[in-house]
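2 protein chains.
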Amino acid sequence: MFSVEFISQHRVYDGILYFIRHDSAATQSSMSASIFVPDVAEVRTDAPFPTLYWLSGLTCTANNFTEKAGAYRKASELGLIIVAPDTSPRGGTIADDEAHDLGQGAGFYIDATQVPWKPNFQMETYITQDLIAGIEANFPADPKRRGISGHSMGGHGALTLAMNHPHLYKSVSAFAPIASPSRAPWGQKAFAAYLGNDHAAWERHDAAILMAKGMATPFDDILVDQGLSDPFLEKQLMPDLLEQAAATAGQKLTMRYHEGYDHSYYFIQSFIDDHIAFHGERLR
Amino acid sequence: MFSVEFISQHRVYDGILYFIRHDSAATQSSMSASIFVPDVAEVRTDAPFPTLYWLSGLTCTANNFTEKAGAYRKASELGLIIVAPDTSPRGGTIADDEAHDLGQGAGFYIDATQVPWKPNFQMETYITQDLIAGIEANFPADPKRRGISGHSMGGHGALTLAMNHPHLYKSVSAFAPIASPSRAPWGQKAFAAYLGNDHAAWERHDAAILMAKGMATPFDDILVDQGLSDPFLEKQLMPDLLEQAAATAGQKLTMRYHEGYDHSYYFIQSFIDDHIAFHGERLR
Chain A
1 MFSVEFISQH
11 RVYDGILYFI
21 RHDSAATQSS
31 MSASIFVPDV
41 AEVRTDAPFP
51 TLYWLSGLTC
61 TANNFTEKAG
71 AYRKASELGL
81 IIVAPDTSPR
91 GGTIADDEAH
101 DLGQGAGFYI
111 DATQVPWKPN
121 FQMETYITQD
131 LIAGIEANFP
141 ADPKRRGISG
151 HSMGGHGALT
161 LAMNHPHLYK
171 SVSAFAPIAS
181 PSRAPWGQKA
191 FAAYLGNDHA
201 AWERHDAAIL
211 MAKGMATPFD
221 DILVDQGLSD
231 PFLEKQLMPD
241 LLEQAAATAG
251 QKLTMRYHEG
261 YDHSYYFIQS
271 FIDDHIAFHG
281 ERLR
Chain B
285 MFSVEFISQH
295 RVYDGILYFI
305 RHDSAATQSS
315 MSASIFVPDV
325 AEVRTDAPFP
335 TLYWLSGLTC
345 TANNFTEKAG
355 AYRKASELGL
365 IIVAPDTSPR
375 GGTIADDEAH
385 DLGQGAGFYI
395 DATQVPWKPN
405 FQMETYITQD
415 LIAGIEANFP
425 ADPKRRGISG
435 HSMGGHGALT
445 LAMNHPHLYK
455 SVSAFAPIAS
465 PSRAPWGQKA
475 FAAYLGNDHA
485 AWERHDAAIL
495 MAKGMATPFD
505 DILVDQGLSD
515 PFLEKQLMPD
525 LLEQAAATAG
535 QKLTMRYHEG
545 YDHSYYFIQS
555 FIDDHIAFHG
565 ERLR
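Respectively, the protein sequence lines represent chains A and B. According to my numbering, the first sequence is numbered sequentially starting from 1. According to my numbering, the second sequence is numbered sequentially starting from 285.
What follows is the structure, given as structure tokens:
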């Protein structure tokens, strides 16, 4: 689980973007990920370097973020490594569903307890254990300076993994997260399939509920950006529940609403620099 | 030909990206394009604004550049409109070829004289007449301040259209252009299909040959970026022929080679800011 296979690489913005595969014990399969390593991390002697983990949304693979987010200019400037894993295990022998919001491409960053998902859909353990182990064994990534961010389903993943594993991550932010999946159709469908009727488990993977219980307090601030023309705003994302929970918990939350912006990577590329800077400052 | 149909729009980097369709007399079909209009062009009173036309490469549509180039941050900063048209007419009644380098997605920015391409594949006339007319009738784009750039097949298009229509464009640049298509397999295949054996016509669409004849001299400088790990460098792109031609013609050419960079949009996104600034300065 510590070795990685290098699939391809691209030079980009004074750094190198690697596409890798590596075997995961958690998902019992070979997982895809991308890793951007800025030149400064290769040539400077003060390695290891801070690392931002990016969790993508429904239907994404390890390379939507790499092509569309425009994140690497700022990451090079600040000397930040960025890791973007796939959103689920994949392949012919892995369970799947024809829908875009369940199965391959829709792992929801949780450990499934139900058939047919349980053997491979162990995304919480994959992201928090196997991915970190594989990255830190092969790249100059600092185990003491990890941040996590993501978009939509990945925003949910970033918030909940950070809250459930605060010892792993020093900074957390999100774009248009599914703020309370146990109250949103996407989350309800996925949680029912992956977790069954265990509603205590549902709550453990619901950012707004976790935050209301004060489990986010290890973070000095959480940055969330949300477009006001996002078609999923009211029914699926519900950022107001996150705001209410933060107020209840006394957790500082910098929630920024943006007139006119939607749910696409056009929205992400418009504000990614601010998130890179937010993590860069906290991981310095 | 002056009316456009608005298909969709996205807010991005303090501006709006519109996807449109409009009827072209040249291609006798409905053409797709994207237009980024920065807010400054909407609110400032000193309209109209400088406009950069971006021509994409083989297989691209009107939205590869929009998602992958990361161009709009700098365009917003400088108040530049960016127009990215499709690479050919498209649809069920339009002639096509199964290959990726001929037919739909591969118009090569020339006017075809041969069947079955002649009725619709009139991309030179489309880009230089119908596209400009449609854009300038519907957006605050300044007819006196147009620049043109592009990638690969679109780099060839930018160079040759600028040289053949210097009254239309005040600035020109390219990423990894097919510098001498009449000497490259991609160009030879396309020119034979679209232009037949008329080798005078081939020369009119070959940037290195045009430049060697001194036809590029209206431009104070031409910026070209080329990755040294580009797999098409030697057989298809041949930037050395452009450099020789520029020396012969006394045309200033800023040819920048970049160690490690390939032919992808990772290369483009790494240097797009420099091109936006190059055009911004000349179109100010």
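Ideal Cβ positions, reconstructed from N, Cα and C, are used throughout, including at glycine.
{"query": "Give the C-beta separation of L301 of chain B and P334 of chain B to the nearest angstrom, bearing in mind that I take them to be a contact with Cβ-Cβ under 8 Å.", "result": "So it is not a contact: roughly 17 Å between Cβ atoms."}
{"query": "Determine the direct distance from the alpha carbon of S264 of chain A to that of Y53 of chain A, and round the result to whole angstroms.", "result": "19 Å"}
{"query": "Does the region 448 to 468 of chain B come within contact of the region 520 to 528 of chain B, defined as at least 3 CB pairs closer than 8 Å?", "result": "yes"}
{"query": "Since I276 of chain A is in the alpha helix (DSSP H), which residue starts that stretch and which ends it?", "result": "265 to 283"}
{"query": "Would you please verify whether the beta carbon of F551 of chain B is less than 9 Å from any beta carbon of chain A?", "result": "yes"}
{"query": "Using a Cβ cut-off of 9 Å (strictly closer), state whether D14 of chain A contacts chain B.", "result": "yes"}
{"query": "Ordered along the chain, which non-local residues of its own chain (more than five positions away) have a Cβ less than 6 Å from that of H294 of chain B?", "result": "L301"}
{"query": "Scan the region 217 to 241 of chain A and note each continuous beta strand (DSSP E) run of 3 residues or more that stays entirely inside, going in chain order.", "result": "222 to 227"}
{"query": "Would you check if the distance between the CB atom of Q104 of chain A and the CB atom of P89 of chain A is smaller than 9 Å?", "result": "yes"}
{"query": "Can you tell which of B:Y410, B:N348, B:T343 has the C-alpha that lies nearest to the C-alpha of A310 of chain B?", "result": "B:Y410"}
{"query": "Counting only beta-carbon separations shorter than 9 Å, does L237 of chain A have a partner in chain B?", "result": "no"}
{"query": "From the beta carbon of T350 of chain B, is the nearest beta carbon of chain A less than 9 Å away?", "result": "yes"}
{"query": "Pull up the distance between the alpha-carbon of A71 of chain A and that of D380 of chain B, whole angstroms please.", "result": "37 Å"}
{"query": "Evaluate the contact criterion for the region 218 to 225 of chain A versus the region 168 to 178 of chain A: three or more CB pairs, one atom per stretch, below 8 Å.", "result": "yes"}
{"query": "Out of A:G250, A:E5, A:I82, A:L223, point me to the one whose CA is closest to F278 of chain A's CA.", "result": "A:L223"}
{"query": "Can the beta-carbon of L195 of chain A be found less than 9 Å from the beta-carbon of T61 of chain A?", "result": "no"}
{"query": "If you draw a straight line from the alpha carbon of P427 of chain B to that of L415 of chain B, how long is it in whole angstroms?", "result": "12 Å"}
{"query": "Quick check on this structure: which residue in B:V367, B:L342, B:A359, B:M407 has the alpha carbon closest to the alpha carbon of E382 of chain B?", "result": "B:L342"}
{"query": "My understanding is that S360 of chain B touches P322 of chain B, with C-beta atoms under 8 Å, so please give their C-beta distance in whole angstroms.", "result": "4 Å"}
{"query": "What are the start and end residues of each continuous beta strand (DSSP E) run of 3 or more residues lying completely inside the region 74 to 145 of chain A, in chain order?", "result": "81 to 85"}
{"query": "Buried or exposed: where does R282 of chain A fall if 16 or more other Cβ atoms within 10 Å of its Cβ makes it buried?", "result": "buried"}
{"query": "What residues from chain A crowd round S548 of chain B, counting only those whose CB sits closer than 7 Å?", "result": "H10"}
{"query": "For a cutoff of 9 Å on Cβ pairs, would you count E543 of chain B as touching chain A?", "result": "yes"}
{"query": "Which residues of chain B have a Cβ atom closer than 8 Å to the Cβ of G157 of chain A, listed in chain order?", "result": "Within chain B, no residue comes near G157 of chain A; the closest Cβ sits about 23 Å away, beyond 8 Å."}
{"query": "In the structure shown, what three-state DSSP assignment does Y337 of chain B receive?", "result": "strand"}
{"query": "Looking at the structure shown, is A69 of chain A part of a helix, part of a strand, or coil, going by DSSP?", "result": "coil"}
{"query": "Closest to P332 of chain B by C-alpha separation, out of B:Q553, B:F423, B:L494, would be which residue?", "result": "B:F423"}
{"query": "Would you identify the three-state DSSP class for P38 of chain A, choosing helix, strand or coil?", "result": "strand"}
{"query": "For Y541 of chain B, is the classification buried or exposed, using 16 other Cβ atoms within 10 angstroms of its Cβ as the cut-off for buried?", "result": "exposed"}
{"query": "Since T345 of chain B is in the alpha helix (DSSP H), which residue starts that stretch and which ends it?", "result": "Per DSSP, T345 of chain B belongs to no alpha helix (DSSP H) and is neither H nor E."}
{"query": "Using three-state DSSP, classify G157 of chain A as helix, strand or coil.", "result": "helix"}
{"query": "With DSSP as the reference, label L452 of chain B as helix, strand or coil.", "result": "coil"}
{"query": "In angstroms with no decimal places, state the Cα-to-Cα distance between R429 of chain B and H151 of chain A.", "result": "38 Å"}
{"query": "Closer than 7 Å by beta-carbon distance: list the chain A residues that pair up with G354 of chain B, in chain order.", "result": "G70, Q269"}
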